[in-house]
Each structure stands twice: as structure tokens, then as C-alpha cells.
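Colleague: Structure incoming, see below.
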Amino acid sequence: MVLVSLAYLGFHYKDKSKAMVAQVENQVTVISYQKPIRIKAIYVVPGQEVKKGDKLFVAESTNLEADIYQKNSELSSLNIQEVGLNNHYQLEQEILKSETSFKILAMENERNELMFEQRMQDQNSLRLKAVFDGTVNAQVDSIKLARILFLEKERVNQSKQMEARMIQMASRFTQDTSLIKGKIKILKNDLLKLEDESADLIQYADQTGNIGNLNVQLNELVPPYQSILSIYSLNPTVIKAFINERGIAGLNVGAKVQVESTNRMYRISGEIIEIGSRITSFPEKLNAINGVNSYGQEIFVKISENNQFLNGEKVYVYISDGIE
121 MVLVSLAYLG FHYKDKSKAM VAQVENQVTV ISYQKPIRIK AIYVVPGQEV KKGDKLFVAE
181 STNLEADIYQ KNSELSSLNI QEVGLNNHYQ LEQEILKSET SFKILAMENE RNELMFEQRM
241 QDQNSLRLKA VFDGTVNAQV DSIKLARILF LEKERVNQSK QMEARMIQMA SRFTQDTSLI
301 KGKIKILKND LLKLEDESAD LIQYADQTGN IGNLNVQLNE LVPPYQSILS IYSLNPTVIK
361 AFINERGIAG LNVGAKVQVE STNRMYRISG EIIEIGSRIT SFPEKLNAIN GVNSYGQEIF
421 VKISENNQFL NGEKVYVYIS DGIE
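Below you can see the structure in the form of C-alpha cells.
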């Protein structure tokens with residue numbers, strides 16, 4: 121008996137002033153929606169034990185279906201606009217190329233005719249050289265030569281003008297399509313969110329536990345944010361501890377801790393996953409003096425699902441010193 125007492129005292133040797141107090145409670149998951157829904161089917165009853173992945177209920181949302189339809193309609197309209205812009209851009213390019221090709225072809229034909237006339241005149245001038253001294257022919261040749269040079273330069277200019285206009289068209293097309301593509305991207309993201317919401321209308325248990333409150337009936341219209349049902353975990357995995365306003369050294373997210381029962385020889389390792397940002401009142405069971413409220417900061421500790429703590433059990437939480 122003495123040995124048992126010493127072992128118990130040795131197990132609880134730590135300074136309680138350096139401990140955080142906590143009460144073990146099963147975690148509760150409450151299911152609700154941001155939009156009104158109607159319950160189509162219910163597969164559970166209060167108190168029923170469910171496993172992770174079990175189907176809980178099926179709902180429908182007229183507003184959600186309307187939103188999805190509207191977004192799909194807007195998306196179809198934008199896709200049509202995008203195709204129309206692309207077709208218009210291609211048509212503009214083809215028209216510009218055709219007009220430019222026609223102008224260049226006409227200039228090439230005129231240039232070829234002038235060069236042909238020039239060759240004929242050159243041949244005639246050789247025959248008539250004895251009669252005429254070439255003065256008149258030289259003037260005619262100069263005019264034709266100037267026209268030929270002009271046509272050659274103009275053909276190059278037409279090609280350059282076409283390239284410049286093609287660049288302008290491409291720039292305008294890119295701006296217009298970028299605007300539409302941006303709207304399409306936003307709509308697709310919105311649709312993904314709505315489809316996720318639609319998928320959530322079929323609810324499955326995200327953990328093994330017991331059904332708590334079931335607050336709806338079949339075919340009932342449920343307003344936004346109203347609790348539909350709750351699931352209580354079989355074993356606690358997160359303990360909400362409280363630290364007095366004096367604080368404890370080494371307290372930070374990721375710190376290893378020891379969670380120890382206050383009335384039996386049981387201890388388990390844990391890790392701090394969140395530190396509350398405000399001071400709040402302790403649960404009544406954790407007040408140092410009955411009827412006198414204590415205040416402190418909330419500390420959330422993650423522990424293994426395979427633990428032996430009882431629901432409602434009071435525990436101490438210590439910053440780990442390597443003891444397991």
C-alpha cells in the first residue's frame with residue numbers, strides 16, 4: 121500500500137502551478153448551410169453510432185441550382201463571344217490579306233505592262249534612231265521609269281502597311297479576348313465553388329462518432345445557418361486547456377506537452393496546435409474555487425485518438441520535459 125502511494129505521488133510529482141487545467145470533452149461537429157436547403161432523405165437517428173464515411177442525409181437547394189444555371193448561362197454566352205471574336209479576327213485578317221494581295225497584284229500587272237512597253241519602245245528607238253535623235257522617246261521613258269519605281273516602292277509600302285495593321289488587329293484581339301478570358305476564369309471558379317456546395321448536399325460523416333441532435337424532418341425547408349445535426353466523436357482528439365493570465369514559459373504552437381489525469385495514473389503525449397487570442401472564463405468545473413470564475417487564455421492540444429480519457433475527465437497539461 122505504501123509502495124502504491126509512493127508510485128502515485130511520484131507520478132504526480134510536477135508543480136501544479138506550472139500546469140494548464142483542462143476538461144476532456146468529445147468534439148462536436150455541427151452541420152449547417154449558408155443557403156436555404158430542403159431535406160430530401162435522412163439516414164440516421166439521434167444516438168446512432170456512425171462510422172467515418174457513412175451517409176447522413178441528402179438535401180437539395182433551389183437557390184443553388186438557380187445559381188449554377190445562371191453561371192452556366194453566363195459562361196456559355198462568354199464562350200460564344202470568344203468564338204465570335206476569334207472568327208471576326210480571322211475574317212479581318214483574311215480580308216486585309218485579300219485586299220492587300222489584290223492591290224499588290226494590280227501594281228505588279230501595271231508594272232509588268234510598263235516594263236513591256238519600255239522594252240518595245242527600246243526596240244523601236246533602235247530602228248528609228250536614224251530619223252529621230254531619241255529626245256521624245258527619252259522623255260516618255262523617264263515618265264514610265266518613274267512610274268515603275270513608284271509601283272515597286274508602293275508594293276513594299278502596302279506590305280508594310282498590312283503588317284502594321286495585322287499587329288494592331290492582334291493587339292486589339294488580345295485585349296478583347298483577355299477581358300473575356302478573365303471573366304470566364306472567374307465564372308469557372310464560381311462554378312467550382314457552387315459544384316462543391318452541390319456535392320456537400322449529400323452529407324457523410326467525417327469521423328466515427330454518435331449522432332447528437334437531429335433538428336430537421338424529411339422535406340423540411342431549413343433556413344441558412346440553422347443546425348441540422350451534430351456528431352459527437354467517440355474519443356477526444358483535441359483538448360481545450362486554459363492557462364491563467366501569468367502564462368507559462370515555452371508555450372507556443374508546436375510545443376510538445378504531457379496530458380495527465382488529475383485522479384489516476386494515466387498520461388499521454390500531445391502537441392499544441394492553436395493558442396487563443398483572447399482572455400475567456402474557465403468552465404465551471406475548472407474553477408479553482410467553486411462559485412468564483414477564473415479567467416485565462418485558451419490552448420488547444422492535439423492528442424492521439426487512441427486514448428483512455430473519459431468524457432468530462434479533468435486533466436493537467438504540462439510543457440513536455442521528455443517524460444513519456
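Taking the numbering used here, the leading residue of the sequence shown gets 121, the next gets one more, and so forth.
Backbone N, C-alpha and C define an ideal beta-carbon position, used for all residues, glycine too.
To which residues does DSSP link Val358 through a beta bridge?
Modeller: One-based indexing of the sequence shown puts residue 358 at position 238. Paired residues: Lys422.
Colleague: Can you grab the Cα-Cα spacing for the pair Asn206 / Phe293, in whole Å?
Modeller: Along the sequence shown, one-based indexing puts residue 206 at 86. Along the sequence shown, one-based indexing puts residue 293 at 173. Spanning the two alpha carbons is a distance of roughly 8 Å.
Colleague: Alpha carbon to alpha carbon, what distance is there between Ile331 and Gly167?
Modeller: Taking the sequence shown and counting its residues from 1, one reaches residue 167 at position 47. Taking the sequence shown and counting its residues from 1, one reaches residue 331 at position 211. The alpha-carbon atoms of Gly167 and Ile331 are separated by roughly 5 Å.
Colleague: Please report the distance separating the alpha-carbon of Met282 from that of Met235.
Modeller: Within the sequence shown, residue 282 is the residue found at index 162, counting from 1. Within the sequence shown, residue 235 is the residue found at index 115, counting from 1. C-alpha separation (whole angstroms): 26 Å.
Colleague: When burial is assigned at 16 or more other CB atoms within 10 Å of the CB, is Phe362 buried or exposed?
Modeller: Translated into the one-based positions of the sequence shown, residue 362 becomes position 242. By the neighbour-count rule (16 or more Cβ atoms within 10 Å), Phe362 is buried.
Colleague: Assuming the contact rule is C-beta atoms closer than 8 Å, Leu321 and Pro156 should be a hit. Round their C-beta distance to whole Å, please.
Modeller: Counting from 1 along the sequence shown, the entry for residue 321 is found at position 201. Counting from 1 along the sequence shown, the entry for residue 156 is found at position 36. Contact doesn't hold; Cβ gap of about 12 Å is too wide.
Colleague: So does the segment 343–352 actually touch the segment 145–155, counting three or more Cβ pairs closer than 8 Å?
Modeller: Put simply, the segment 343–352 touches the segment 145–155. At least three CB pairs are less than 8 Å apart.
Colleague: Closest to Leu371 by C-alpha separation, out of Ser389, Ser353 and Glu394, would be which residue?
Modeller: Within the sequence shown, the letter at position 251 stands for residue 371. Checked all of Ser389, Ser353 and Glu394; the closest Cα to Leu371 is Glu394.
Colleague: For Lys434, name the three-state secondary structure that DSSP assigns.
Modeller: By 1-based counting over the sequence shown, the position of residue 434 is 314. The answer is strand: DSSP assigns Lys434 an E or B state.
Colleague: If you draw a straight line from the C-alpha of Arg275 to the C-alpha of Ile224, how long is it?
Modeller: Residue mapping note: residue 275 aligns to position 155 of the sequence shown, counting from 1. Residue mapping note: residue 224 aligns to position 104 of the sequence shown, counting from 1. Between the alpha carbons of Arg275 and Ile224 lies a gap of roughly 6 Å.
Colleague: Can you check DSSP and say which residues form a bridge with Val342?
Modeller: To locate residue 342, count along the sequence shown from 1; it is residue 222. Answer by DSSP bridge pairing, in chain order: Ile157.
Colleague: Which one of Leu184, Leu312 and Pro403 has the shortest CA to CA distance from Ile359?
Modeller: If you number the sequence shown from 1, residue 359 lands on position 239. When only C-alpha atoms are compared, the closest one is Pro403.
Colleague: Exposed or buried, which one is Met457 when buried takes at least 16 other CB atoms within 10 Å?
Modeller: Any answer about residue 457 is impossible in this case: the structure gives the chain only from 121 up to 444.
Colleague: Let me confirm a value: Gly302 is counted as buried when at least 16 other C-beta atoms fall within 10 Å, else exposed. Which label applies?
Modeller: Reading the sequence shown from its first residue, position 182 is the one you call residue 302. Classification for Gly302: exposed.
Colleague: Report all residues from its chain with a CB closer than 8 Å to the CB of Met121; omit the five preceding and five following residues, and keep chain order.
Modeller: Position 1 of the sequence shown, counting from 1, holds the residue named residue 121. Any answer about Met121 is weak, because its pLDDT of 47 lies below 50 and its placement is not dependable; what the coordinates show is given next. If we look at Met121 and ignore the five residues flanking it on each side, it has no Cβ neighbours.
Colleague: Do Lys172 and Ala325 have their C-beta atoms closer together than 8 Å?
Modeller: For the purposes of this step, residue 172 is taken as the residue at position 52 of the sequence shown. For the purposes of this step, residue 325 is taken as the residue at position 205 of the sequence shown. Yes, Cβ-Cβ distance for Lys172 and Ala325 is below 8 Å.
Colleague: Drop a sphere of 10 angstroms on the beta-carbon of Ser381, count the other beta-carbons inside from all chains shown, and report buried for 16 or more, exposed for fewer.
Modeller: Counting from one through the sequence shown, the residue named residue 381 turns up at place 261. Buried, since its Cβ has 16 or more Cβ neighbours within 10 Å.
Colleague: Between the C-alpha atoms of Lys273 and Arg231, what's the straight-line distance to the nearest angstrom?
Modeller: Position 153 of the sequence shown, counted from the start, is the residue given in the question as residue 273. Position 111 of the sequence shown, counted from the start, is the residue given in the question as residue 231. Rounded to the nearest angstrom, the two C-alpha atoms are 11 Å apart.
Colleague: Contact defined as beta carbons within less than 8 Å: I believe Pro356 pairs with Glu145. What is the distance between those atoms, to the nearest angstrom?
Modeller: As a first step, residue 356 is located in the sequence shown; it is residue number 236 there, counting from the start. As a first step, residue 145 is located in the sequence shown; it is residue number 25 there, counting from the start. Contact flag correct, Cβ pair sits at about 6 Å.
Colleague: Please report the Cβ distance between Ile159 and Val336, rounded to the nearest whole angstrom; I am assuming they are in contact, meaning their Cβ atoms lie under 8 Å.
Modeller: The sequence position of residue 159 within the sequence shown is 39, counting from 1. The sequence position of residue 336 within the sequence shown is 216, counting from 1. With 8 Å as the limit, Ile159 and Val336 qualify as a contact, their Cβ atoms being about 5 Å apart.
Colleague: Taking 8 Å as the threshold (C-beta atoms), are Val377 and Tyr415 in contact?
Modeller: The residue given as residue 415 occupies position 295 in the sequence shown. The residue given as residue 377 occupies position 257 in the sequence shown. In this structure, Val377 does not lie closer than 8 Å to Tyr415 by Cβ.
Colleague: Could you pull the DSSP bridge partners for Ser218 from this structure?
Modeller: Translated into the one-based positions of the sequence shown, residue 218 becomes position 98. Paired residue(s): none; Ser218 is not in a bridge.
Colleague: I think Ile423 touches Gly374, with their Cβ atoms under 8 Å apart; what is that distance to the nearest whole Å?
Modeller: Counting from 1 along the sequence shown, the entry for residue 423 is found at position 303. Counting from 1 along the sequence shown, the entry for residue 374 is found at position 254. Not confirmed; about 15 Å, so no contact.
Colleague: Alpha carbon to alpha carbon, what distance is there between Ile287 and Ser221?
Modeller: Residue mapping note: residue 221 aligns to position 101 of the sequence shown, counting from 1. Residue mapping note: residue 287 aligns to position 167 of the sequence shown, counting from 1. Computed Cα separation, rounded: 17 Å.
Colleague: Short of 7 Å in beta carbon distance, which residues of its chain neighbour Leu184, apart from the five on each side in sequence? Order them along the chain.
Modeller: The residue you call residue 184 lines up with position 64 of the sequence shown. Excluding residues within five positions, the ones whose Cβ falls inside 7 Å are Lys155, Leu314, Glu317 and Ser318.
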